[in-house]
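Beneath this line is the structure, given in structure tokens, with notes to follow.
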Amino acid sequence: MDEVFGRDNFQNEVVWYYYNKLHDSRKRALPKAFDQILYYVKDRNSSYPYTALKEPRATPVTKLKYKKVAGKIQNIIGEDGKAVTYESTERTVDNVWRIRCLQPANKQEWVGYQTQKPVDLIERILSIATKPNDLVLDCFVGSGSSAIAAENQSRRWIACDLGRFAIHTTRKRLLGTAVKPFAVQNLGKYERQQWQVAEFPSNGKDRLEEQKEREAAYRKFILELYHATPVSGHAWLHGVKSGRMVHVAAVDAPVTRADVNAIAVEVWKAAGKGANSPQKPAVDILGWEFALELNETAKEVAAQARVDAAFKKIPREVLEKKAVEQGDVHFFELGALSVATKIKKRELTLTLSDFVIPLDDVPAEVRSAIKHWSQMVDYWAVDWDFKDDTFHNQWQSYRTRKNPKLELSVKREYPDPGHYTVVVKVIDILGNDTTKTLTVEIK
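In the numbering used here, the protein residues as written are 7 to 449.
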């Protein structure tokens, strides 16, 4: 923190005392009962625009029954049965905060995330450090408490996390709260670019040569994780596995339809030629990201070019050294989504009719419990008027512990006639996204 903000900009240390924590069964002389929050500013010489935070303190009342409402002691009933009202006093909040920690017993707020913080803790921080409409950045959002707190206090927010489970948890939690529309963006290519430079150093004489060496080392690494044998002499094909060619996509660009067409042409040229060539035109395409509805493209490629193409996602765990060493890297095949449409006047009805992900990708204990394809869908959302920009969550249905049922059909009445592009996004139980793009005519 000193390196980021400067040592002179350190303001204070806050002690968060969680008085209700259940200590573990191990005998300790002094069980841990607080966390530390370090308070820095960007510039200690700038004027501080916010007033000191106050909190209500109840006036002691002897032998009286009372109820505390909005910082005041109200509806006090004396021993004679008559009502009396007393004002509370206020205290300035200091650097010792008595705020309970979250536990599974807090059913209304607890979402089962190990490092989840209480929303009122974050709200206090935001009350001190920000004003309405300020922009709050949380680079380690975890379960989403900071985004919820920012919404509650009319602050704008950006929430980031490297973990897919954290983003998925935050998204579902926000959907269950009265929040303004938000978008989920995958900005992973910047992290992947930095990872590629750091993980695969090059001794090339110029920048172009360095990049070629780095890309070759990266593709060799991915092929090893995929248990494929590297091949050379091709522009689009990089390996072979179980009689199928393998393409490894770049770290900084999605796999597009044009890429698939070029790969298909080269697969045909390579089929049946050489020891490391497949006997039939088949290819596994490994990518970090895929253009919308690329799994539908695979069917078209298979039908038109007679190439058996399978799309598999390179998992983020590839970036984690520990996961690689432990062998916790799995390449999941993209799902296939079917959506039925029905138009009556200006009303459009969408119905999920089928969703398929390869069962080999699903853990055995989960696979045995699946009785219907819909159980593989954890959450789905619709952008009713996609403008070829950011996907907007304009409707969604998702599972929760309290309500595990999923709505499979939704209706929307359009105010005006016209041609509309509708995008349906499904998040499966593995956390992967599958999209379907539809064009409808509303008369």
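Note that the Cβ used here is the ideal one computed from N, Cα and C, for glycine as well.
- Here the region 134 to 151 lies against the region 172 to 179, with 3 or more beta-carbon pairs under 8 Å apart.
- Distance check between D395 and each of P423, P207, T427 places T427 closest, using alpha-carbon atoms only.
- Within the same chain, Cβ atoms closer than 6 Å to the Cβ of I164 are found at L143, the five residues on either side in sequence being excluded.
- The beta-carbon separation of F361 and G333, rounded to 29 Å, does not stay under the 8 Å limit for a contact.
- When DSSP states are grouped into helix, strand and coil, H253 belongs to the strand group.
- Annotation for I128: the continuous alpha helix (DSSP H) segment containing it runs 125 to 135.
- Taking all protein chains in view, the Cβ of Y196 is surrounded by fewer than 16 other Cβ atoms within 10 Å, so the residue is classified as exposed.
- The bridge partners DSSP lists for T441 are K431.
- For K350 against D290, the beta-carbon gap comes to about 43 Å, at or over 8 Å, which does not count as contact.
- Residue pairing by DSSP places D140 in no beta bridge whatsoever.
- The C-beta distance from L180 to A156 rounds to 11 Å, too long to fall under 8 Å, and the pair is not in contact.
- Of the candidates R407, R418, T441, L444, R407 places its Cα closest to the Cα of K113.
- Residue range 327 to 332 is occupied by the alpha helix (DSSP H) that includes Q332.
- For a cut-off of 8 Å, the C-beta gap from F206 to A234 is around 18 Å, too long to register as a contact.
- If you look at F317, you'll find it in the beta strand (DSSP E) that goes 314 to 319.
- Residue burial annotation: I269 is buried, with at least 16 other C-beta atoms found within 10 angstroms of its C-beta.
- For the pair G245 and P236, the Cα-to-Cα distance works out to about 4 Å.
- Beta-bridge pairing by DSSP links N18 to Y45.
- For P410 and Q109, the gap between their C-alpha atoms comes out near 22 Å.
- Beta-bridge partners assigned by DSSP to P62: E96.
- The continuous alpha helix (DSSP H) containing S151 extends over residues 151 to 158.
- With distances taken between CA atoms, T121 lies nearest to A172 out of N26, A172, F397, L168.
- Counting along the chain, the unbroken alpha helix (DSSP H) around L231 starts and ends at 213 to 231.
- Taken in chain order, the complete alpha helix (DSSP H) segments of 4 residues or longer contained in the region 341 to 396 are 370 to 373.
- By the criterion of a C-beta distance shorter than 8 Å, W379 is surrounded in its chain by D360, F361, V362, once the five residues flanking it on both sides are discounted.
- At least 8 Å separates the beta-carbon of G293 from that of P321.
- Here A387 is buried. Its C-beta has 16 or more other C-beta atoms within 10 Å.
- Within the DSSP bridge table, the entry for R13 names no partner.
- For the pair E272 and W242, the CB atoms are nearer than the 8 Å cut-off.
- In the DSSP secondary-structure assignment, G293 is bridged to K319.
- Per the C-alpha coordinates, the member of A189, V10, K327, A39 positioned closest to L231 is K327.
- V330 has its alpha-carbon roughly 37 Å from the corresponding atom of L141.
- For the pair D391 and V20, the Cα-to-Cα distance works out to about 47 Å.
- Sorting L436, A311, V102, A39 by C-alpha distance to the C-alpha of K286 places A311 at the top.
- A residue is called buried when at least 16 other Cβ atoms come within 10 angstroms of its Cβ; S238 does not meet this threshold and is exposed.
- Annotated three-state conformation of Y119 is coil, per DSSP.
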